[in-house]
Amino acid sequence: MEPRVEWDESRWPVVRCRIEGEHHRDMAGEVLDPLARLLQGRRPFALLWDLRELSPPGPWAVRALGELRRRHARALGTILRAEAHVVSNRALLGMVAMISWFQRAPMPERSFLDPAAAERWLTARIDADATLASIAHGAAESWT
Numbered sequence: 001m002e003p004r005v006e007w008d009e010s011r012w013p014v015v016r017c018r019i020e021g022e023h024h025r026d027m028a029g030e031v032l033d034p035l036a037r038l039l040q041g042r043r044p045f046a047l048l049w050d051l052r053e054l055s056p057p058g059p060w061a062v063r064a065l066g067e068l069r070r071r072h073a074r075a076l077g078t079i080l081r082a083e084a085h086v087v088s089n090r091a092l093l094g095m096v097a098m099i100s101w102f103q104r105a106p107m108p109e110r111s112f113l114d115p116a117a118a119e120r121w122l123t124a125r126i127d128a129d130a131t132l133a134s135i136a137h138g139a140a141e142s143w144t
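As structure tokens, this is what we get:
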């Protein structure tokens, strides 16, 4: 399968990144540059990684993602509120679990076999954050 990266912000605040095909270094910019742009923004979002058609990435991809996470550490958990990975096989699930374990992020992460379940989970995380922010804002106003 020919490599392909597709970003979709049409269901904001849930952003989808679908990666298909044989993973190679030339794809890094297509994946990491849009993610860096989103992390530099001011609008909180949740990220759904659709990896069902992706071959397992090499060590260089894991390092590149780790470097991006280090560079944008402040945005993780504040701008990027939650991350879901949709996978189709145990090998990729194991790799995602390993990356998540080694590169702990301050926001909730979870892996799914079903993209609809992943999107529901992400939406619930965003809704919970919005509810907490609303409660905190209301409490702050009541003190003034």
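What the sequence shown shows, in the numbering used here, is residues 1 to 144, in sequence order.
Glycine residues also receive a C-beta, built at the ideal position from the N, C-alpha and C atoms.
In this text, all values refer to a predicted model and were calculated from it rather than measured experimentally.
- Query: What three-state label does DSSP hand D114 in the structure shown?
  - Reply: Working through the sequence shown from its first residue, we reach residue 114 at position 114. Here D114 sits in coil by DSSP.
- Three-pair Cβ contact test at 8 Å for the region 36-54 versus the region 78-94: Because the criterion of three Cβ pairs below 8 Å is met, the region 36-54 and the region 78-94 touch.
- Which of the three DSSP states, helix, strand or coil, is assigned to G58? The count along the sequence shown starts at 1 and reaches residue 58 at position 58. Coil, per DSSP.
- Contained beta strand (DSSP E) runs [length at least 3] in the region 3-87, N- to C-terminal order: Fully enclosed beta strand (DSSP E) runs of 3 or longer: 4-11, 14-20, 45-50, 80-86.
- Excluding sequence positions up to five away, which residues of its chain have a Cβ less than 6 Å from the Cβ of V31? Numbered from 1 along the sequence shown, position 31 holds the residue referred to as residue 31. Closer than 6 Å at Cβ, skipping near neighbours: V5.
- Message: Buried or exposed for H85, going by 16 or more other Cβ atoms inside 10 Å?
- Response: Counted from its first residue, the sequence shown places residue 85 at position 85. By the neighbour-count definition (other C-beta atoms within 10 Å, threshold 16), H85 is a buried residue.
- Item | In DSSP terms, what E119 is bridged to | Here residue 119 refers to the residue found at position 119 of the sequence shown. Looking at the DSSP assignment, E119 forms no beta bridge with any residue, so it has no partner.
- Task: Determine the burial state of R125: buried for a count of at least 16 other Cβ atoms within 10 Å of its Cβ, exposed for fewer.
- Result: Indexing the sequence shown from 1 puts residue 125 at position 125. Label assigned to R125: buried.
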